[in-house]
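Step one of this worksheet: look at the structure below.
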Amino acid sequence: MGGVSFRVLDPGNEGVEELKKTLLLIVPATLLTYFLRPFSLTTLDLAFLLYSIAVFSIRRSDRTASLGLFVALPHALFGSESLVPLIVALGASMRMDKTTFKKRLSDFLKYYCVYALTVVFFVRATDPVWKSLLLSFLPFSLMFLIQFNKCKWFFVEDAVFVSCLACLHIIGQYAQSWWILIAFALNFVVYIWLFDYKMKTKELSKFESNYRDFRKKLAKLVEMVDSTSQSSSIYESLNKLAEAISDLTGFKYVLMNVLNRDLGVVQRVAYHGMSEEEFTRLRQNPPPIEYVLRFTQERFRISDSFFIPEGVLELSAEYVATLLNGPMKDEPDAWRPNDMLIVPIRSTLREMIGYISVDAPQSGKRPRLEDIQIIELVADQVYKLLERSQLYHDIVTRVSYDPHTLLLTHSAFLGVLEAEIDRGNRFAVVILDVDDLSNINARFGHEAGDQLLEKISDILRNRTRKTDVAARFGGEEFALLLRNVTKSKAIEITDRLLEEVRRIEFNVKVTLSAGIAIFPEHGGTVQELIKMATQALQIAKISGKDRLMIL
3 MGGVSFRVLD PGNEGVEELK KTLLLIVPAT LLTYFLRPFS LTTLDLAFLL
53 YSIAVFSIRR SDRTASLGLF VALPHALFGS ESLVPLIVAL GASMRMDKTT
103 FKKRLSDFLK YYCVYALTVV FFVRATDPVW KSLLLSFLPF SLMFLIQFNK
153 CKWFFVEDAV FVSCLACLHI IGQYAQSWWI LIAFALNFVV YIWLFDYKMK
203 TKELSKFESN YRDFRKKLAK LVEMVDSTSQ SSSIYESLNK LAEAISDLTG
253 FKYVLMNVLN RDLGVVQRVA YHGMSEEEFT RLRQNPPPIE YVLRFTQERF
303 RISDSFFIPE GVLELSAEYV ATLLNGPMKD EPDAWRPNDM LIVPIRSTLR
353 EMIGYISVDA PQSGKRPRLE DIQIIELVAD QVYKLLERSQ LYHDIVTRVS
403 YDPHTLLLTH SAFLGVLEAE IDRGNRFAVV ILDVDDLSNI NARFGHEAGD
453 QLLEKISDIL RNRTRKTDVA ARFGGEEFAL LLRNVTKSKA IEITDRLLEE
503 VRRIEFNVKV TLSAGIAIFP EHGGTVQELI KMATQALQIA KISGKDRLMI
553 L
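Residues in the sequence shown are numbered from 3 upward in steps of one, following our numbering.
Quick look at the structure:
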């Protein structure tokens with residue numbers, strides 16, 4: 003990820019292989035059509051075509067060869083047998099979902115060949131016994147053939163359903179049509195129920211497997227962090243962590259970046275997988291911080307990271323690494339050349355001070371949640387290394403604290419607000435003022451007043467969420483940044499804090515007044531938000547104190 007992303011070049015071998023497979027399917031499809039010699043479509047055939055499209059569209063999650071039999075058998079009973087392969091294949095390829103033309107053509111040819119082969123044998127056999135045997139055992143042969151070619155088109159239970167539906171066809175030779183339809187519908191319901199049960203069992207098994215895999219990766223990560231030498235240089239340590247990310251998650255390329263807010267650019271600090279020349283080129287062309295922050299929008303959030311699908315936002319070529327990699331799969335969950343995964347490196351105050359970007363997963367698929375969480379754990383270790391290093395300490399710990407209350411200073415808080423506005427996420431600003439602090443100082447002394455401020459600071463620091471930020475805003479004023487809150491949630495959090503302050507054990511009753519401003523409703527800049535929150539605070543003071551206000 004040059005500034006954010008790698009650009010992967012596809013050698014084109016996959017296209018040649020797909021062309022060969024398609025040609026191999028077209029030849030038998032043509033020969034089978036010659037044997038079938040299908041008639042022209044009738045009104046009934048067109049109705050079955052719509053039915054076929056509906057079946058494959060509704061049950062797109064379990065699209066298998068046996069699903070096509072729920073189209074093929076009723077059509078064979080009431081329509082033209084020679085048109086069965088065409089109706090099933092068209093239904094599978096014209097289903098209502100987002101699928102590429104190449105995939106639709108491939109599905110059409112696969113379904114057509116399997117069902118055309120079945121019908122050719124079926125039509126040639128005139129004895130009912132032979133018909134039933136062919137319907138029962140031919141799918142076993144087809145299943146073996148497809149599995150032998152490593153095509154995950156059938157699953158074993160399909161053969162059972164094929165046999166059950168074949169029995170329905172035999173019954174159809176001797177029973178009335180409406181009995182067949184009832185039995186057919188019941189079989190369809192049972193099929194769906196059993197398939198859903200199988201999928202749930204499969205999901206549970208996958209969850210258990212992922213859980214075991216996650217624990218192994220976590221243990222390996224702990225071992226790797228413990229083995230990282232404290233005497234190693236910061237570059238060696240970071241490069242080891244980048245290599246560990248590649249080993250644990252399967253991403254071929256890893257790039258670590260730090261946000262240098264003094265210079266306003268992204269600094270490259272470590273890498274794995276790419277050439278040193280490419281890394282040097284990226285380091286010499288740092289993107290502005292604003293370019294990166296636009297990718298950290300809430301709509302892209304997964305866990306504490308951000309996944310940006312290909313084509314959603316425009317990439318700048320000068321900030322993108324050009325690397326040679328294998329072909330990408332043509333599947334809905336396949337990793338695309340310009341997909342981006344940004345894992346923030348956050349400070350102890352949860353401020354983004356850098357990020358890790360990755361590309362080219364070995365699986366060829368978009369990242370799993372557990373892999374993202376593994377990288378997030380590594381990102382925490384990266385921050386600790388950066389914080390300890392002489393080279394990057396000032397960059398990543400530029401936030402300053404008030405030594406008396408251990409909260410952010412006024413200027414540092416404004417900087418955090420500015421960064422939050424750049425991200426574009428919804429948040430609230432709360433300005434709080436201690437009621438009658440001057441009277442408390444005059445009556446009990448400044449030392450007692452300072453102790454009171456410390457108690458209030460402890461409440462603001464310990465009774466807010468981990469994502470929130472508290473600051474000493476002035477002599478008797480505090481400020482809060484409440485991330486990702488609605489107006490009602492901001493009021494709820496502030497009201498709870500005011501109640502906590504009322505419970506402070508002191509010589510007199512202690513209260514706060516508060517004013518709230520919401521981004522972006524009350525303003526799009528730091529100045530506008532502070533002004534609106536301060537105006538609301540003044541109204542709370544005039545209205546009798548010990549309350550909150552929002553305009």
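Idealized CB from N, CA, C, for every residue including glycine.
In this structure, DSSP gives S391 a state outside helix and strand, which the three-state scheme calls coil. For P346, no alpha helix (DSSP H) encloses it; the enclosing beta strand (DSSP E) starts and ends at M342 to R348.
With at least 16 other beta carbons inside 10 angstroms of its own, D373 counts as buried.
Spanning the alpha carbons of A118 and L43 requires a straight line of approximately 16 Å.
For Q269, the enclosing beta strand (DSSP E) stretches over residues V267 to H274. Assignment of G356 by DSSP, reduced to helix, strand and coil, places it in the strand class.
When the Cα atoms are used, Q383 and A472 turn out to be separated by approximately 24 Å.
Residue pairing from DSSP leaves R445 without any beta-bridge partner. Remark: C-beta atoms of F253 and P363 approach each other more closely than 8 Å. Where Y237 is concerned, the enclosing alpha helix (DSSP H) starts and stops at I236 to T251. In this structure, the alpha-carbon of A246 lies about 23 Å from that of I310.
Residue pairing by DSSP puts I552 in a beta bridge opposite I518.
Rounded to the nearest whole angstrom, the CA to CA distance from T513 to A336 is 56 Å. Here R485 carries a strand assignment [DSSP, helix/strand/coil]. Here S84 is near R39, since their CB atoms are less than 8 Å apart.
In the DSSP assignment, the residues bridged to A430 are L484 and I520.
Secondary structure note for S307: its beta strand (DSSP E) is the uninterrupted segment S307 to I310. Under the three-state reduction of DSSP output, I493 falls in the helix class. Of the candidates D249, R445, L393 and L315, the residue whose Cα lies closest to the Cα of Y237 is L393. Distances from the alpha-carbon of I544 to those of T527, S515, I520 and E523 put S515 closest. Cβ neighbours of D47 within its own chain (closer than 6 Å, five residues either side excluded): G81 and L85.
In this structure, the straight-line span from the alpha carbon of Q540 to that of L434 is close to 10 Å. For L261, the three-state secondary structure derived from DSSP is strand.
Put simply, the backbone Cα of Y199 is about 16 Å away from that of L69.
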